[in-house]
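Read through the structure below, which is laid out as structure tokens, and then see the notes.
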Amino acid sequence: NFYGSLHGGAVAAIAELVMEACVKSVVKKDLFLGEFATSYLSAVQVNAELEVGGLILRQGRNVTVTSVEFRIKETKKLVYTARATFYNVPVANL
Numbered sequence: 055n056f057y058g059s060l061h062g063g064a065v066a067a068i069a070e071l072v073m074e075a076c077v078k079s080v081v082k083k084d085l086f087l088g089e090f091a092t093s094y095l096s097a098v099q100v101n102a103e104l105e106v107g108g109l110i111l112r113q114g115r116n117v118t119v120t121s122v123e124f125r126i127k128e129t130k131k132l133v134y135t136a137r138a139t140f141y142n143v144p145v146a147n148l
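Okay, so the sequence shown: first residue is 55 according to the working numbering, each after it adds one.
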């Protein structure tokens, strides 16, 4: 962006992909994203290396909740977090 830091939209897109990959590794059904929230805790320069880790917080029969953390690789400082709820219910046939 204008300030030389990582754009929030890019962070959100990566977070969604990581969380979806986590869910699809354990849920073999059609999924849809029902809730998504991102917290931007600190700005990160575009050239900074980040570590991204995702995990499943809760897996139920029809709902799976996931989270992801972004940390600066060198300092381990937490800079972004995100959380999502995926629903794994059949899509209606129209």
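Note that beta-carbon positions come from the ideal geometry of N, C-alpha and C, so glycine has one too.
{"Query": "Across the region 56-68 and the region 111-120, are there enough close Cβ pairs to call them in contact, namely three or more that are closer than 8 angstroms?", "Result": "no"}
{"Query": "Would you please state the rounded distance, in angstroms, between the beta carbons of residue 106 and residue 59? I believe it to be under 8 angstroms.", "Result": "Not a contact, Cβ separation roughly 17 angstroms."}
{"Query": "So, using beta-carbon positions, are residue 98 and residue 140 closer together than 8 angstroms?", "Result": "no"}
{"Query": "Given a threshold of 16 other Cβ atoms within 10 Å of its Cβ, counted over all protein chains shown, does residue 134 qualify as buried or as exposed?", "Result": "buried"}
{"Query": "Using only CA atoms, which one of 103, 70, 84, 62 lies nearest to residue 129?", "Result": "103"}
{"Query": "DSSP state of residue 122, grouped into three classes?", "Result": "strand"}
{"Query": "Quick one: does residue 76 have its CB under 8 angstroms from some CB of chain B?", "Result": "Here chain B cannot be found, since the structure has a single protein chain."}
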